[in-house]
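All residue numbers for the sequence shown refer to my numbering, where the first residue is 99 and numbers rise by one.
Yeah, the Cβ is synthetic: ideal placement off N, Cα and C, and Gly gets one too.
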Amino acid sequence: MFRRRPTHNKGGKSIKQLIDIGGRHLEVSIRGKGHPVILLTGMVSSMAEWESIANDLAENTEMILFHRAGFGNSSKGSNPANLYENVKDLKKLIDILELKSPVIVGHSYGGLFAQLFVHTYPDTASALVLVDSSSTDSHLLDEVEMEGNDDNSMDAWMRKCRDYSKLTPSQLHDELSDWIYDLQASAPVDMKQPIQEFMSNPFMFATLAEELEWWRNHPLSFDGFPQIPVTVIGRDPKVSIQEMIEEEGISETEAEKIEEIWQYLITLQTKMSEKTTYVLAENSGHDIHTRKPDVIKQETLKVIEKILN
Numbered sequence: 099m100f101r102r103r104p105t106h107n108k109g110g111k112s113i114k115q116l117i118d119i120g121g122r123h124l125e126v127s128i129r130g131k132g133h134p135v136i137l138l139t140g141m142v143s144s145m146a147e148w149e150s151i152a153n154d155l156a157e158n159t160e161m162i163l164f165h166r167a168g169f170g171n172s173s174k175g176s177n178p179a180n181l182y183e184n185v186k187d188l189k190k191l192i193d194i195l196e197l198k199s200p201v202i203v204g205h206s207y208g209g210l211f212a213q214l215f216v217h218t219y220p221d222t223a224s225a226l227v228l229v230d231s232s233s234t235d236s237h238l239l240d241e242v243e244m245e246g247n248d249d250n251s252m253d254a255w256m257r258k259c260r261d262y263s264k265l266t267p268s269q270l271h272d273e274l275s276d277w278i279y280d281l282q283a284s285a286p287v288d289m290k291q292p293i294q295e296f297m298s299n300p301f302m303f304a305t306l307a308e309e310l311e312w313w314r315n316h317p318l319s320f321d322g323f324p325q326i327p328v329t330v331i332g333r334d335p336k337v338s339i340q341e342m343i344e345e346e347g348i349s350e351t352e353a354e355k356i357e358e359i360w361q362y363l364i365t366l367q368t369k370m371s372e373k374t375t376y377v378l379a380e381n382s383g384h385d386i387h388t389r390k391p392d393v394i395k396q397e398t399l400k401v402i403e404k405i406l407n
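What follows is the structure in structure tokens.
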């Protein structure tokens, strides 16, 4: 069913490959040598955005990045697109790569993915680093956003994704040109084209619409949580509120309501494990990986040191 274990890269340069996990292939990037660290990107986030962080961490760790099924060059196969399928895919990938007790770093939606994974497979990961992670109770945010008729509500996002999925790659690039430009601005030169290709893929948005619809109709909750080290990195509320006002056109009152709930949900994440550390990413909004990448690198290395000592 599975191919033999892929070759690992013992140097610093990334080896990208398509790995057969049975029924579909995942686009995987592997680099470095040391304790394995798996990075789970956000909902609409290419692993190219994380290139600099991955390269730096690969000096001391084995870094594994991949695109979820239906994203980038990862095939979707016949299975539905949802977090439970993502979790099963990740377990297959860990088994194929023969990774022992990996640390999982998850940003935003990738953080929710990470939480569900360790809940489903409590004996697999050794620690979590949650980077401004989404929550099992994210519907509370949607209720505020719906009151304000916000374009970022889940229903609005599903409509956008379905519309985007009907465009050609060229049309999608034109439609999302400002977004793509912003993503490319903080990326290494050789990652600008991969980011453009990732964001100009209509099929990705069809997959994303399916993921969002499943998430809306299947609220997550965890009964118990493995007592592994968890580091929760949260955004700076003042910066986040200002970004919502300036970049999304949200009123100050609504932005403050959204941020109050988001910070409450982050606080709940700090209570999942008795071995939790909270870190504030000062002067950063949600995109901590581009605004304050050193915080993620430092905290990931601290977690590895903690579990190895």
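Roughly how many angstroms separate the alpha carbons of residue i and residue j, rounded to a whole number?
i: Phe301; j: Lys186; result: 21 Å
i: Leu406; j: Val201; result: 11 Å
i: Ser268; j: Met256; result: 21 Å
i: Asn177; j: Glu309; result: 12 Å
i: Leu274; j: Ala283; result: 14 Å
i: Phe425; j: Lys190; result: Given a span of 99 to 407 for the chain in the structure shown, any question on residue 425 remains unanswerable.
i: Ala304; j: Asp288; result: 27 Å
i: Ala285; j: Thr218; result: 34 Å
i: Ala156; j: His316; result: 36 Å
i: Tyr182; j: Leu265; result: 28 Å
i: Ile356; j: Leu239; result: 6 Å
i: Ile192; j: Leu163; result: 12 Å
i: Ser338; j: Thr388; result: 14 Å
i: Thr222; j: Gln115; result: 23 Å
i: Ile331; j: Glu350; result: 24 Å
i: Lys258; j: Glu354; result: 25 Å
i: Thr159; j: Asp276; result: 34 Å
i: Met370; j: Pro220; result: 13 Å
i: Gly121; j: Pro335; result: 42 Å
i: Leu399; j: Glu125; result: 25 Å
Between which two residues does the beta strand (DSSP E) harbouring residue i extend?
i: His387; result: Careful: His387 lies outside any beta strand (DSSP E), inside the alpha helix (DSSP H) at Ile386 to Arg389.
i: Ile343; result: No beta strand (DSSP E) contains Ile343, which is instead part of the alpha helix (DSSP H) from Pro335 to Glu346.
Quick one: using the 10 Å Cβ neighbour count with 16 as the cut-off for buried, is residue i buried or exposed?
i: Gly204; result: buried
i: Arg166; result: buried
i: Glu346; result: exposed
i: Phe320; result: exposed
i: Gly130; result: buried
i: Asp154; result: buried
i: Lys148; result: Here residue 148 turns out to be Trp, not Lys, going by the sequence shown. Under this definition Trp148 is a buried residue.
i: His237; result: exposed
i: Gly209; result: buried
i: Tyr279; result: exposed
i: Tyr362; result: exposed
i: Lys395; result: buried
Which partner residues of residue i appear in the DSSP bridge assignment?
i: Val135; result: Met161 and Val201
i: Gly120; result: DSSP, once it has assigned bridges, lists no residue as partnering Gly120.
i: Thr45; result: Only positions 99 to 407 of the chain appear in this structure, which leaves residue 45 out of reach.
i: Ile113; result: Ile128
i: Ala379; result: Arg333
i: Ala225; result: Val201
Tell me where the alpha helix (DSSP H) around residue i begins and ends.
i: Glu295; result: Lys290 to Met297
i: Asp187; result: Leu181 to Leu195
i: Thr351; result: Glu350 to Gln367
i: Ala304; result: Pro300 to Asn315
i: Asn153; result: Glu149 to Leu155
i: Leu274; result: First-last for Leu274: undefined, no H or E at that position.
i: Ser263; result: Met252 to Ser263
i: Tyr207; result: Tyr207 to Thr218
By Cβ distance below 7 Å, which residues in the same chain neighbour residue i in space, the five residues on each side in sequence not counted?
i: Arg333; result: Asp230, Ala379, Ser382, Gly383, His384 and Ile386
i: Pro327; result: Ala225, Lys373, Val401, Lys404 and Ile405
Might you give, ordered along the chain, the residues of its own chain that have their beta carbon closer than 6 Å to the beta carbon of residue i, omitting 5 neighbours on each side?
i: Gly246; result: With a pLDDT of 45 at Gly246, under the threshold of 50, the modelled position of that residue is not reliable, and the figure given next carries that caveat. Closer than 6 Å at Cβ, skipping near neighbours: Glu352.
i: Ile409; result: Only positions 99 to 407 of the chain appear in the structure, and residue 409 is not among them; the question remains open.
i: Ser298; result: Pro267, Leu270 and His271
i: Phe296; result: Ser144 and Gly170
i: Gly168; result: Lys174, Ala179 and Thr305
i: Leu318; result: Thr234
Quick one: what's got a C-beta closer than 8 Å to residue i's C-beta in the same chain, skipping five residues either side?
i: Leu412; result: Because the chain spans 99 through 407 in this model, residue 412 falls outside it and cannot be assessed.
i: Glu311; result: Met256
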